[in-house]
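A quick write-up on the structure given underneath.
There are 2 protein chains.
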Amino acid sequence: MTTEKRRAPAGAAVLRGEITTAIRAAVMQELAEVGYGRLSIEAVARRAGVSKTAIYRRWRSKLDLVLDMVSAVAGRNLPLLDTGSLLGDLEILLHVLARALQHRLASQIIPDLLAEAARTPQIAEKLQQALDDYQQAVGRILIGRAVERGELPPDADRRAAVDLIVGPVYWRMAISRAPLGAEEVPRLASAIVAALRVACVRPVRDEVEV
Amino acid sequence: MTTEKRRAPAGAAVLRGEITTAIRAAVMQELAEVGYGRLSIEAVARRAGVSKTAIYRRWRSKLDLVLDMVSAVAGRNLPLLDTGSLLGDLEILLHVLARALQHRLASQIIPDLLAEAARTPQIAEKLQQALDDYQQAVGRILIGRAVERGELPPDADRRAAVDLIVGPVYWRMAISRAPLGAEEVPRLASAIVAALRVACVRPVRDEVEV
DNA sequence: ACACGTCGGGACGCAACCGTACCGTCGTTG
DNA sequence: CAACGACGGTACGGTTGCGTCCCGACGTGT
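In the order they appear, the protein sequences are chains F and L. To convert, note that position 119 of the first sequence is 119 in the numbering used here; the numbers rise steadily by one, no gaps. Every position in the second sequence, counted from 1, becomes a number in the numbering used here once 1000 is added.
So this is what it looks like as structure tokens:
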């Protein structure tokens, strides 16, 4: 192939960012409205006011498109302030979670993709990775700080901790779909602290395992 | 219309139970495999080895079909043994939950339908109803007993209690999709008991905590 | 000012599914 | 034993979405 002089694309021959943005927004809307299973490229194009070709030029398939969006959203990790106490840190975290899950888009898309992950390995992988990162962050920062302060034993089980922290909020907001009043957060937070103190006592059994 | 003598359907003119059963099984399989969004009557018919007509004779639409199955499954409430202590009751419940969520069909169908509920009012209604029943059962029986025994204060907040009990298990099994070893249950149970003791102190506000 | 070359848009063939109408089958009831 | 009548199965038109191809438009670099 004599690709002697290959000028870089220029002029109208360049992806217009505004259109990419419009597509991304449309995907979010569609994802929330019909779910991943029924997500159709045509509907996305219609909603974005864009041609199908515009989408196929950017992503190879529906899966590619969604995977890209997931990593974009999941990439940014939440900042966890250090309030000086486990209880305070926890309250902040719960507020952030509750706020995030209050958004219509999030509360529809997240459970949908999590369900889809059970049957689409690529989605599962991406989400699992994002989830692991998140869990590690929570475990390392939140629990780690508490251990340093002496609020929790040093051999705390991070996985169990994350279950206890995130589970109730997710259940309440995304499954039970009942609002979590701001005034309920402190009580929930202190309950979780109590649970963590108990749970983080390592496998009592006859110890042995590391 | 002279509907004078109308003989009751008989002979071959009666729904064959075996076919109904085959359809139900096929729906479960399909639901797990492609989800509600992509559930197609044709695929169900194929898998069940049955004609589409057989399905349309029994249910008016896809929604009807699924709603029927949901109420059939959700109808049966789990028996909660009385072990004599909140901790014991809780361990039993957690084991039951973990066992139920271990089944492939359940762990795929439940999150899928819960996500779908966010956009299909009828499904939401059915599931919400089933969920409410379940939550009430747990709250009334499990928490109720604990209150009678004096393990929890009488004005316990059942909703918050259910969040703390079910949330972590659901998160672990259905979202994080990590197995919950039987040896972890006791620790989790005792952690939840600790949380309940704290959480069930009603809206404290400016009151002296116990 | 020209030419380059990618862009967005519309159209097309293909495949899957929906919901219905029709048709021969079959077991019970009188 | 004969006739009833709903059964299950096939066939059909209509709709929707996929993925591709071709074309005119357009704006930057030479």
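Beta carbons: idealized from backbone N, C-alpha and C, even for Gly.
Exercise. What is the rounded straight-line gap between the Cα of F:L180 and the Cα of F:G144?
Worked result: In the first sequence, the residue the question calls residue 180 of chain F occupies position 180. In the first sequence, the residue the question calls residue 144 of chain F occupies position 144. Straight-line Cα distance between these residues: approximately 27 Å.
Exercise. Name the residues in the stretch 1145 to 1174 of chain L whose C-beta lies less than 9 Å from a C-beta of chain F; which are they?
Worked result: If the cut-off is 9 Å between Cβ atoms, the stretch 1145 to 1174 of chain L has D1157, R1159, A1160, V1162, D1163, L1164, I1165, V1166, G1167, P1168, V1169, Y1170, W1171, R1172, A1174 near chain F.
For this session: With DSSP as the reference, label F:P154 as helix, strand or coil.
Result: Residue mapping note: residue 154 of chain F aligns to position 154 of the first sequence, counting from 1. Reduced to three states, the DSSP call for F:P154 is coil.
Exercise. Can you find a C-beta in chain F that's less than 8 Å from the C-beta of L:D1206?
Worked result: Translated into the one-based positions of the second sequence, residue 1206 of chain L becomes position 206. Reliability fails at L:D1206, whose pLDDT of 46 lies under 50, so the model's placement of it is uncertain and the value that follows must be treated cautiously. Cβ-Cβ to chain F under 8 Å: no for L:D1206.
Exercise. Does L:E1018 have its Cβ less than 8 Å from a Cβ in chain F?
Worked result: On the second sequence, position 18 is the one that residue 1018 of chain L refers to. No, no contact with chain F.
For this session: Quick one: measure Cβ to Cβ for F:P79 and F:A174, integer angstroms, because I've assumed they're closer than 8 Å.
Result: Here the question's residue 79 of chain F lines up with position 79 in the first sequence. Here the question's residue 174 of chain F lines up with position 174 in the first sequence. Between F:A174 and F:P79 the Cβ distance is about 22 Å, and since that is not below 8 Å, they are no contact.
Problem set entry | Contacts of F:D89 in chain L (Cβ-Cβ under 9 Å) | Here the question's residue 89 of chain F lines up with position 89 in the first sequence. Going along chain L, no residue has its Cβ under 9 Å from F:D89, so there is no contact; the nearest lies around 17 Å.
For this session: Starting from the Cα of L:V1185, find the closest Cα among L:R1172, L:D1133, L:R1024, L:R1149 and give me that residue.
Result: As a first step, residue 1185 of chain L is located in the second sequence; it is residue number 185 there, counting from the start. Residue L:R1172 is the option with its Cα nearest to L:V1185.
Exercise. Roughly how many angstroms separate the alpha carbons of F:V198 and F:R16, rounded to a whole number?
Worked result: The residue labelled residue 198 of chain F in the question sits at position 198 within the first sequence. The residue labelled residue 16 of chain F in the question sits at position 16 within the first sequence. Each residue's Cα considered, the two are about 55 Å apart.
Problem set entry | Cutoff 8 Å: F:A74 Cβ touching any chain L Cβ | For the purposes of this step, residue 74 of chain F is identified with residue 74 of the first sequence, where counting begins at 1. No, because no Cβ of chain L sits closer than 8 Å to the Cβ of F:A74.
For this session: Compare the Cα-Cα distances from F:E125 to each of F:D68, F:R158, F:S107, F:A195 and report the closest residue.
Result: Here the question's residue 125 of chain F lines up with position 125 in the first sequence. Ranking the options by Cα distance to F:E125, first place goes to F:D68.
For this session: Go through its chain and collect everything with a Cβ distance to L:D1064's Cβ below 8 Å, but skip five positions before and after it.
Result: Indexing the second sequence from 1 puts residue 1064 of chain L at position 64. There are no such residues.
Exercise. Does any residue of chain L bring its CB to less than 8 Å from the CB of F:L142?
Worked result: Stepping through the first sequence from its first residue, residue 142 of chain F is reached at position 142. For F:L142, the answer is no, since every Cβ of chain L falls outside 8 Å of its Cβ.
For this session: Name, please, each residue of chain F whose Cβ falls closer than 9 Å to the Cβ of L:R1197.
Result: In the second sequence, counting from the first residue as 1, residue 1197 of chain L sits at position 197. What L:R1197 touches in chain F: A191, A194.
Exercise. Of all Cβ atoms in chain F, is any one closer than 8 Å to the Cβ of L:V1014?
Worked result: The residue given as residue 1014 of chain L occupies position 14 in the second sequence. For L:V1014, the nearest beta carbon of chain F is not closer than 8 Å to its own beta carbon.
Exercise. Going along chain F, which residues have a C-beta under 8 Å from L:V1034?
Worked result: By one-based count along the second sequence, residue 1034 of chain L stands at place 34. Chain F residues near L:V1034: G37, R119.
For this session: For chain L, find out if any of its Cβ atoms is closer than 8 Å to the Cβ of F:P9; answer yes or no.
Result: The sequence position of residue 9 of chain F within the first sequence is 9, counting from 1. For F:P9, the answer is no, since every Cβ of chain L falls outside 8 Å of its Cβ.
Exercise. Residues of chain L with CB under 8 Å from F:P111, in chain order?
Worked result: The residue you call residue 111 of chain F lines up with position 111 of the first sequence. P1111, L1114, A1115, A1118, listed in chain order.
For this session: Classify L:S1093 as helix, strand or coil using the three-state DSSP reduction.
Result: Sequence index remark: in the second sequence, residue 1093 of chain L carries index 93 (1-based). One point to set straight first is that residue 1093 of chain L is Leu, not Ser, in the sequence displayed. The answer is helix: DSSP assigns L:L1093 an H, G or I state.
Problem set entry | Element boundaries [alpha helix (DSSP H), containing F:R24] | What you label residue 24 of chain F is simply residue 24 of the first sequence in a count that begins at 1. Segment 17 to 34, the alpha helix (DSSP H) holding F:R24.
Exercise. Is L:A1239 near L:G1049, with beta carbons less than 8 Å apart?
Worked result: Because residue 1239 of chain L is not part of the residues shown, which for chain L are 1001 to 1210, the question remains open.
For this session: Report the neighbours of L:Q1108 on chain F: residues whose CB is nearer than 9 Å to its CB, in chain order.
Result: Within the second sequence, the letter at position 108 stands for residue 1108 of chain L. The contacting residues are A115, A118, R119.
For this session: Determine the DSSP secondary structure at L:D1132, reduced to helix, strand or coil.
Result: Translated into the one-based positions of the second sequence, residue 1132 of chain L becomes position 132. DSSP, reduced to helix, strand and coil, places L:D1132 within a helical segment of the structure shown.
Exercise. With a CB to CB cut of under 6 Å and the five nearest residues on each side skipped, what residues in its chain are close to F:V166?
Worked result: If you number the first sequence from 1, residue 166 of chain F lands on position 166. The beta carbon of F:V166 lies closer than 6 Å to none in the same chain, with the five residues before and after it left out.
For this session: Please name the residue, chosen from F:Q128, F:G84, F:A54, that lies closest to F:E18 on a Cα-to-Cα basis.
Result: Position 18 of the first sequence, counted from the start, is the residue given in the question as residue 18 of chain F. Nearest of F:Q128, F:G84, F:A54 to F:E18, Cα basis: F:A54.
For this session: With 8 Å as the threshold, decide whether the Cβ of L:R1085 is near any Cβ in chain F.
Result: For the purposes of this step, residue 1085 of chain L is taken as residue 85 along the second sequence, with counting starting at 1. Per the sequence presented here, residue 1085 of chain L reads as Ser, with Arg not at that position. At a cut-off of 8 Å between beta-carbon atoms, L:S1085 makes no contact with chain F.
Exercise. Just the Cα atoms here: how many angstroms apart are L:A1156 and F:T83?
Worked result: Here residue 1156 of chain L refers to the residue found at position 156 when the second sequence is read from its first residue. Here residue 83 of chain F refers to the residue found at position 83 when the first sequence is read from its first residue. Computed Cα separation, rounded: 29 Å.
Exercise. Can you name, in chain order, every residue of its own chain whose Cβ lies under 6 Å from the Cβ of L:Q1135, other than the five neighbours on each side?
Worked result: Here the question's residue 1135 of chain L lines up with position 135 in the second sequence. Counting only Cβ-Cβ distances below 6 Å, and skipping sequence neighbours, we find V1162.
Exercise. Any beta-carbon of chain L closer than 8 Å to the one on F:S176?
Worked result: Residue 176 of chain F sits at position 176 when you count from the first residue of the first sequence. Interface residue, yes.
Problem set entry | Cα-Cα separation between L:A1074 and L:Q1128, rounded to whole angstroms | Reading the second sequence from its first residue, position 74 is the one you call residue 1074 of chain L. Reading the second sequence from its first residue, position 128 is the one you call residue 1128 of chain L. Approximately 11 Å between the Cα atoms of the pair.
Exercise. Among L:P1121, L:L1188, L:D1089, L:R1099, which residue has its Cα nearest to the Cα of L:G1139?
Worked result: Here residue 1139 of chain L corresponds to residue number 139 of the second sequence, with the count starting at 1. For L:G1139, the nearest C-alpha among the options comes from L:D1089.
Exercise. Just curious, the alpha helix (DSSP H) that L:T1144 is in, first and last residue?
Worked result: Here the question's residue 1144 of chain L lines up with position 144 in the second sequence. Correcting the residue type first, residue 1144 of chain L is Gly in the shown sequence and not Thr. Its alpha helix (DSSP H) spans residues 1144 to 1149.
For this session: Since I believe F:I109 is in contact with F:L31 (beta carbons under 8 Å), could you give me their beta-carbon distance rounded to a whole number of angstroms?
Result: Residue mapping note: residue 31 of chain F aligns to position 31 of the first sequence, counting from 1. Residue mapping note: residue 109 of chain F aligns to position 109 of the first sequence, counting from 1. Contact flag correct, Cβ pair sits at about 5 Å.
For this session: Would you verify that the beta carbon of F:L131 is, or is not, closer than 8 Å to some beta carbon of chain L?
Result: Against the first sequence, residue 131 of chain F aligns to sequence position 131. So, interface residue.
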